[in-house]
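Colleague:
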Amino acid sequence: MDTFSLAFFVLAFLIVASAIFVVSSKNIFHSAIFLILALSGVAGLFVMLHAYFLAAAQVLIYVGAISVLMIFAVMLTSRIADKEIRHTNEQVGIGLLISGGLLAVILYSLYNTPFTISDQPIAEGAGMTLGRLLLTKFVLPFEVVSVLLLAALIGAIIIARRDTKTGDSVPPRPIPLPKSLQQAKGESES
Amino acid sequence: MVSDFAAVAVFLIVGVGFVLFTLLLSKIFRPSDPNPIKQSTYECGEEPFGPSWIQFNVRFYIFALMFVIFDVEAIFLFPWAIAYQSLGLFAFVEMLIFISILLFGLAYAWKKGLLKWY
Amino acid sequence: MTVGLPHFLALSAIVFCIGVYGMLTRRNAVGVLMSIELMFNAVNITLVAFAHYITPQDVTGQVVAVFTIAVAAAEATVALAIVLLIYQHHKGIDVDNVNIMKW
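Chains as they are written, first to last, in my numbering: chain A, 6 to 195; chain B, -11 to 106; chain C, 632 to 734.
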């Protein structure tokens, strides 16, 4: 087995194992951590496929930014201490059936499709070609992406900051006193 | 060029292996004698109270989402910078439009007072 | 056995189906979004693998993957903002309890 295959199988194992943890972990915070691992593995696959720019983009955007956003959302919403909350709904059986069936269909069609692997050499300087394509053939999608990002930025800001008014300072949440101190306080008041 | 990344793989293996080896070593050699006082969180002499998982302010999320949006903008700057020499003025104007559209978003956030913490 | 295009496509299919399973069964809305990110990544693997093996002289597949990443980032910001809003209204982000769109 050559190095390429070895690297592929190590990365594949890493990605699949952490993806399974992402969907099955009871603690949503652990899911976020394993998501980061899976996304880093995908960056490794991009390196193997000579897509160096995409690997960098994957690390910068997915590993560096989207996972941070996910972790912030987990911290802002979940009560992680509530361990008794069930993390899956009643559709585990149906979900397994659907995803397993989908996988079977995809693998079957994959097995029966003849792919014409090109024997041309890999283009040198893919980053340069990518930049040129982005600004010539794909220039309209390129500009539309900026409009999309603008819409996402303004929309997310409007949705997320409904509760606080402009410039107002948010009063800090009262921290509950420990039981021993609460008793002492009650005694001194009475 | 792929083989250049073998160095990255070596770094990863050595890094992970070093941490695991050290943890395993300390696990083998340290005495294990837990009691409730030892297992409580050390907070500089204070008695810890409340859960360590507190909910924090929504403002963190606003900063994080602005970071994500401008991170994506930065990703589009890299191929533009590489191909800039061969494209000239057209690429410059296109990128100017791209950035100025996103500047509206920054100006909006600024005007709404989201760039200030309190 | 040398690793080629079918291996990458099979890996992508497996990751995609894990994502589908998570999207169908997770109760936590953030967990559903994480599964969707997994599916986005599976699609990106497919795009880059095809670009590498079938059109090695052309990087169009990579350009499309860059756009996919940008769209995924925009989607994540807005979707997580909606999750925060749901949390404030419902005091929880269990997607089974969010049925305000149901008629």
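A virtual CB, placed ideally from N, CA and C, is assigned to each residue, including glycine.
Identify the residues that DSSP records as bridge partners of aspartate 725/C: which are they?
Modeller: Position 94 of the third sequence holds residue 725/C. Aspartate 725/C pairs with Asn659/C.
Colleague: Rounded to a whole number of angstroms, what is the C-alpha to C-alpha distance between leucine 148/A and threonine 699/C?
Modeller: As a position in the first sequence, residue 148/A is number 143, starting the count at 1. As a position in the third sequence, residue 699/C is number 68, starting the count at 1. The question names leucine, but residue 148/A in the sequence shown is glutamate. One C-alpha to the other measures close to 14 Å.
Colleague: Any beta carbon from chain C within less than 9 Å of valine 2/B's own beta carbon?
Modeller: Reading the second sequence from its first residue, position 14 is the one you call residue 2/B. For valine 2/B, the answer is no, since every Cβ of chain C falls outside 9 Å of its Cβ.
Colleague: Would you say methionine 665/C reaches chain A, if we count a Cβ-Cβ gap shorter than 9 Å as a contact?
Modeller: In the third sequence, counting from the first residue as 1, residue 665/C sits at position 34. By this cut-off, methionine 665/C is an interface position.
Colleague: So, does the CB of asparagine 659/C fall closer than 9 Å to a CB anywhere in chain A?
Modeller: Reading the third sequence from its first residue, position 28 is the one you call residue 659/C. Yes, asparagine 659/C counts as interfacial toward chain A.
Colleague: Please confirm whether aspartate 119/B and alanine 704/C have their CB atoms less than 9 Å apart.
Modeller: With chain B covering -11 to 106 only, the question about residue 119/B has no answer from this structure.
Colleague: Compile a chain-ordered list of the residues in the region 693 to 721 of chain C whose CB is closer than 8 Å to at least one CB of chain B.
Modeller: Taking 8 Å as the upper bound on Cβ-Cβ separation, chain B lies near residues Val697, Ile700, Ala701, Ala704, Ala705, Ala707, Thr708, Leu711, Ala712 and Leu715 of the region 693 to 721 of chain C.
Colleague: Under 9 Å, do serine 29/A and glycine 653/C count as touching if we go by C-beta distance?
Modeller: Residue 29/A sits at position 24 when you count from the first residue of the first sequence. Residue 653/C sits at position 22 when you count from the first residue of the third sequence. Yes; because the gap between Cβ atoms is below 9 Å, this pair is in contact.
Colleague: DSSP state of glutamate 31/B, grouped into three classes?
Modeller: Taking the first residue of the second sequence as 1, we reach residue 31/B at position 43. Three-state DSSP puts glutamate 31/B in a strand.
Colleague: Need the endpoints of the alpha helix (DSSP H) that glutamate 61/B sits in, please.
Modeller: Looking up residue 61/B in the second sequence gives position 73. Note, glutamate 61/B: alpha helix (DSSP H), 46 to 75.
Colleague: Nearest-angstrom Cα distance between leucine 50/A and alanine -3/B?
Modeller: Numbered from its first residue, the first sequence carries residue 50/A at position 45. Numbered from its first residue, the second sequence carries residue -3/B at position 9. Answer to the nearest angstrom: the Cα atoms are 12 Å apart.
Colleague: Which bits of chain B does phenylalanine 77/A rub up against, with CB to CB less than 8 Å?
Modeller: Here residue 77/A refers to the residue found at position 72 when the first sequence is read from its first residue. Those are Phe48, Tyr49 and Ala52, listed as they occur along chain B.
Colleague: Determine, using beta carbons only, whether isoleucine 162/A and tyrosine 96/B come nearer to each other than 9 Å.
Modeller: The residue labelled residue 162/A in the question sits at position 157 within the first sequence. The residue labelled residue 96/B in the question sits at position 108 within the second sequence. Yes; because the gap between Cβ atoms is below 9 Å, this pair is in contact.
Colleague: Where isoleucine 85/B and histidine 720/C are concerned, what is the direct C-alpha to C-alpha distance, given to the nearest angstrom?
Modeller: Against the second sequence, residue 85/B aligns to sequence position 97. Against the third sequence, residue 720/C aligns to sequence position 89. Going from the Cα of isoleucine 85/B to the Cα of histidine 720/C covers about 39 Å.
Colleague: Would DSSP call threonine 141/A helix, strand or coil?
Modeller: On the first sequence, residue 141/A is found 136 positions in, with the first residue counted as 1. In the structure shown, threonine 141/A sits in coil (DSSP, three-state: anything other than H, G, I, E or B).
Colleague: For leucine 101/A, tell me which candidate among Gln688/C, Ile649/C, Ile676/C and Ala696/C has the shortest Cα-Cα distance.
Modeller: For the purposes of this step, residue 101/A is taken as the residue at position 96 of the first sequence. Minimum Cα distance to leucine 101/A is reached at Ile649/C.
Colleague: What residues from chain C crowd round proline 146/A, counting only those whose CB sits closer than 8 Å?
Modeller: Within the first sequence, residue 146/A is the residue found at index 141, counting from 1. Residues of chain C passing the Cβ test: Phe698.
Colleague: Return the first residue and the last residue of the alpha helix (DSSP H) that tyrosine 67/A is part of.
Modeller: As a first step, residue 67/A must be located in the first sequence, where it is residue number 62. Run containing tyrosine 67/A: none; DSSP gives neither H nor E here.
Colleague: Using the Cα positions of threonine 169/A and isoleucine 20/A, report the straight-line distance between them to the nearest angstrom.
Modeller: On the first sequence, position 164 is the one that residue 169/A refers to. On the first sequence, position 15 is the one that residue 20/A refers to. No answer about threonine 169/A holds up, because its pLDDT of 49 lies below 50 and its placement is not dependable.
Colleague: Give me the Cβ distance between leucine 664/C and alanine 710/C, rounded to the nearest whole Å; I'm assuming they're in contact under 8 Å.
Modeller: For this step, residue 664/C is matched to residue 33 along the third sequence. For this step, residue 710/C is matched to residue 79 along the third sequence. The pair is a contact, with the Cβ atoms about 5 Å apart (cut-off 8 Å).
Colleague: Using 8 Å as the threshold, is the region 676 to 685 of chain C in touch with the region 117 to 125 of chain A, meaning 3 or more CB pairs across them?
Modeller: Yes, the region 676 to 685 of chain C is in contact with the region 117 to 125 of chain A.
Colleague: At the level of alpha carbons, what is the spacing between asparagine 659/C and lysine 722/C?
Modeller: Residue 659/C sits at position 28 when you count from the first residue of the third sequence. Residue 722/C sits at position 91 when you count from the first residue of the third sequence. Looking at the two C-alpha atoms, the distance is approximately 13 Å.
Colleague: Residue range of the alpha helix (DSSP H) that asparagine 117/A falls in?
Modeller: The residue given as residue 117/A occupies position 112 in the first sequence. 97 to 117 is the span of the alpha helix (DSSP H), which, as asked, contains asparagine 117/A.
Colleague: In whole angstroms, what is the alpha-carbon distance linking isoleucine 99/A and phenylalanine 671/C?
Modeller: The sequence position of residue 99/A within the first sequence is 94, counting from 1. The sequence position of residue 671/C within the third sequence is 40, counting from 1. Those two C-alpha atoms are separated by around 22 Å.
Colleague: On the three-state DSSP scale, how would you describe threonine 93/A?
Modeller: Taking the first sequence and counting its residues from 1, one reaches residue 93/A at position 88. In the structure shown, threonine 93/A sits in a strand (DSSP, three-state: E or B).
Colleague: Taking C-beta to C-beta, are alanine 696/C and alanine 56/A nearer than 9 Å?
Modeller: Counting from one through the third sequence, the residue named residue 696/C turns up at place 65. Counting from one through the first sequence, the residue named residue 56/A turns up at place 51. Taking 9 Å as the Cβ cut-off, alanine 696/C and alanine 56/A qualify as a contacting pair.
Colleague: Exposed or buried, which one is glutamine 27/B when buried takes at least 16 other CB atoms within 10 Å?
Modeller: Stepping through the second sequence from its first residue, residue 27/B is reached at position 39. With fewer than 16 other Cβ atoms within 10 Å, it is exposed.
Colleague: Quick one: which chain C residues come within Cβ less than 8 Å of valine 60/B?
Modeller: As a working mapping, residue 60/B is identified with position 72 in the second sequence. Those are Ile700, Ala701, Ala704 and Ala705, listed as they occur along chain C.
Colleague: Given this structure, state the Cα-to-Cα distance separating leucine 43/A from glutamate 668/C, to the nearest angstrom.
Modeller: Indexing the first sequence from 1 puts residue 43/A at position 38. Indexing the third sequence from 1 puts residue 668/C at position 37. According to the sequence as given, residue 43/A is alanine; it is not leucine. Inter-residue distance for alanine 43/A and glutamate 668/C is about 10 Å (C-alpha atoms, whole angstroms).
Colleague: For chain B, is any of its Cβ atoms less than 9 Å away from the one on alanine 12/A?
Modeller: Translated into positions along the first sequence, residue 12/A becomes position 7. At least one chain B Cβ lies under 9 Å of alanine 12/A.
Colleague: Check each candidate in Trp105/B, Gly76/B and Gly93/B and name the one with the smallest Cα separation from arginine 137/A.
Modeller: Stepping through the first sequence from its first residue, residue 137/A is reached at position 132. Selected option, being the one with the closest Cα: Gly76/B.
Colleague: To the nearest angstrom, how far is the alpha carbon of glutamine 688/C from that of phenylalanine 39/A?
Modeller: As a working mapping, residue 688/C is identified with position 57 in the third sequence. As a working mapping, residue 39/A is identified with position 34 in the first sequence. Cα to Cα, glutamine 688/C sits roughly 35 Å from phenylalanine 39/A.
Colleague: Who are the neighbours of phenylalanine 55/B on chain A, taking C-beta pairs under 7 Å?
Modeller: Along the second sequence, read from residue 1 onward, the residue named residue 55/B stands at position 67. Contact note: phenylalanine 55/B reaches chain A through Ala70, using a C-beta cutoff of 7 Å and chain order.
Colleague: Taking contact to mean at least 3 C-beta pairs separated by less than 8 Å, is the region 61 to 69 of chain B in contact with the region 52 to 69 of chain A?
Modeller: yes
Colleague: Between which residues of its own chain and serine 72/A is the CB-CB distance below 8 Å, once the five residues before and five after are set aside?
Modeller: Walking along the first sequence from the start, residue 72/A turns up at place 67. Correct list, in chain order: Ala37, Leu40, Ile41 and Leu44.
Colleague: Report the neighbours of proline 126/A on chain C: residues whose CB is nearer than 9 Å to its CB, in chain order.
Modeller: Numbered from 1 along the first sequence, position 121 holds the residue referred to as residue 126/A. Within 9 Å Cβ-Cβ: Pro687 and Gln688.
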